[in-house]
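Notes to accompany the following structure.
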Amino acid sequence: MNKFSVDLTNCDKEPIHIPGKVQSHGFLIAVNKVNFKISYISENAESFLGEPAKNLLDKSLNVLNNFITQNDPEFNVEDLLKLGIIRKSFDAISPHPTEIDGKPYYLIISSSVNDWLLEFEPLTLQYDIQSLIGRSASAMLQGKTVSSLLKGAAIEVKKLINYDRVMIYKFQEDGHGEVVAEEMEPNLEPFFGLHYPASDIPKQARELYKLNLTRLIADVNTEDAPIITFEEEKPLDLTNGGLRAVSPIHIQYLKNMGVHSSFSISLIFKKGMEDGQPQSF
């Protein structure tokens, strides 16, 4: 599907929104907006559903009811999708808890150009994440200056996700980045105050940070799952997809830094209405 061959000389032109693959910790199903038939599916869906992915292509969305358990037996995936369509937003229903083969999953729904994206990710957290986020947000807001607010945010996010390092990275007007706050394990080398060239995070990647405000890279050492379809000439736009596969250049970059997994949250500071472009962290 995506035949682009990327290297260090052309990574700024890489079409990262149409990688033709997803990260393999979850699976993706895309449904045509007109006929509600499955138009794209990640090949690894078989390992979750027990059914070869190609067998589900061009089937009605309701075929998923054979695999997915809902708390309300009269409520199905198509009903959930249509509810979001009527509301013109999936924010209130995503992530939606569900079960596959007795195991808990989150279903996240978003929109692509001609298709609805249905992404299933295993639910691994065993605590009340909303309560934790509420407490963390309150603690973050205790700072009286921008620098103390950012430092507080780094501290609270690290408590929340338990990563070895959390840093807040500010994009300057020329596209280069600066680490403006950091919280880390004591054995790590600090990155605070370092500047990185704009080429480290190319323009098209910076633009995606404005559109998709969270980004998980679950494991840099796993193989991505190809997306299969009957529509080979129409690559699936995964701009809004959480499982979107990562550029191989960025994966190698993370490996070189000793990073196993990463999670990004976009912090967007909007200037005055007539004041120009928003500033991103």
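Here the sequence shown is numbered in the numbering used here, starting from 65 and rising by one per residue. Idealized CB from N, CA, C, for every residue including glycine.
Three-way DSSP call (helix, strand, coil) for residue i in this model
i, result
"residue 244", "strand"
"residue 171", "strand"
"residue 214", "helix"
"residue 260", "strand"
"residue 227", "coil"
"residue 221", "helix"
"residue 86", "strand"
"residue 103", "strand"
"residue 163", "strand"
"residue 333", "strand"
"residue 292", "strand"
"residue 186", "strand"
"residue 147", "helix"
"residue 30", "The displayed coordinates of the chain run from 65 to 345. Any statement about residue 30 would go beyond what the structure contains."
"residue 25", "A question about residue 25 goes unanswered here, because the residues of the chain that appear run from 65 up to 345."
"residue 340", "Note that residue 340 scores 43 on pLDDT, short of 50, meaning its location in the model is unreliable and no value can be drawn from it."
"residue 112", "helix"
"residue 142", "helix"
"residue 297", "coil"
"residue 272", "helix"
"residue 320", "helix"
"residue 208", "coil"
"residue 285", "coil"
"residue 119", "helix"
Assumed close pair residue i, residue j - CB separation to whole angstroms, cut-off 8 Å
i, j, result
"residue 83", "residue 302", "7 Å"
"residue 103", "residue 295", "6 Å"
"residue 332", "residue 107", "With a Cβ gap of about 35 Å, residue 332 and residue 107 do not count as contacting."
"residue 159", "residue 171", "7 Å"
"residue 325", "residue 262", "That belief does not hold up - the Cβ atoms of residue 325 and residue 262 are roughly 25 Å apart, past 8 Å."
"residue 330", "residue 277", "4 Å"
"residue 272", "residue 80", "7 Å"
Residues near residue i in its chain [Cβ-Cβ closer than 6 Å; skip 5 each side]
i, result
"residue 328", "279"
"residue 307", "86, 87, 90, 92 and 183"
"residue 260", "241"
"residue 228", "249"
"residue 163", "133"
"residue 338", "In this prediction, residue 338 has a pLDDT of 39, which is less than 50 and means its spatial position is unreliable; what the coordinates show is noted afterwards. The answer is none, since no qualifying residue turns up."
"residue 109", "91 and 117"
"residue 322", "none"
Chain-order list of residues whose beta-carbon lies under 8 Å from that of residue i (same chain, five-residue window excluded)
i, result
"residue 287", "88"
"residue 245", "211, 214, 215, 217, 218, 231, 232 and 256"
"residue 254", "246 and 248"
"residue 144", "157, 160, 171 and 173"
"residue 225", "327"
Residues that residue i bridges to, as DSSP identifies them
i, result
"residue 179", "96"
"residue 280", "327"
"residue 233", "243"
"residue 124", "101"
"residue 131", "According to DSSP, residue 131 bridges with nothing at all."
"residue 91", "184"
"residue 308", "86"
Any non-hydrogen atom of the ligand MN within 8 Å of residue i CB
i, result
"residue 150", "The model on display carries no ligand, and the ligand MN is accordingly not part of it."
Beta-carbon contacts of residue i that lie in its chain and below 7 Å, excluding the five residues immediately before and after
i, result
"residue 319", "284"
"residue 118", "292"
"residue 169", "162, 163, 184, 185, 186 and 187"
"residue 148", "154, 157 and 173"
"residue 130", "none"
"residue 315", "284"
"residue 222", "230 and 247"
"residue 100", "124, 125 and 142"
Inset, instruction - Pair every Cβ in the segment 118–127 with every Cβ in the segment 95–102, then say whether three or more of these pairs are closer than 8 Å. - result: A contact exists between the segment 118–127 and the segment 95–102.
Legend entry - contact_flag[the segment 301–318, the segment 108–118] where n(CB pairs < 8 Å) is 3 or more: no
Inset, instruction - Determine, using beta-carbon pairs with one atom in the segment 176–187 and one in the segment 205–214, whether at least three such pairs fall under 8 Å. - result: no
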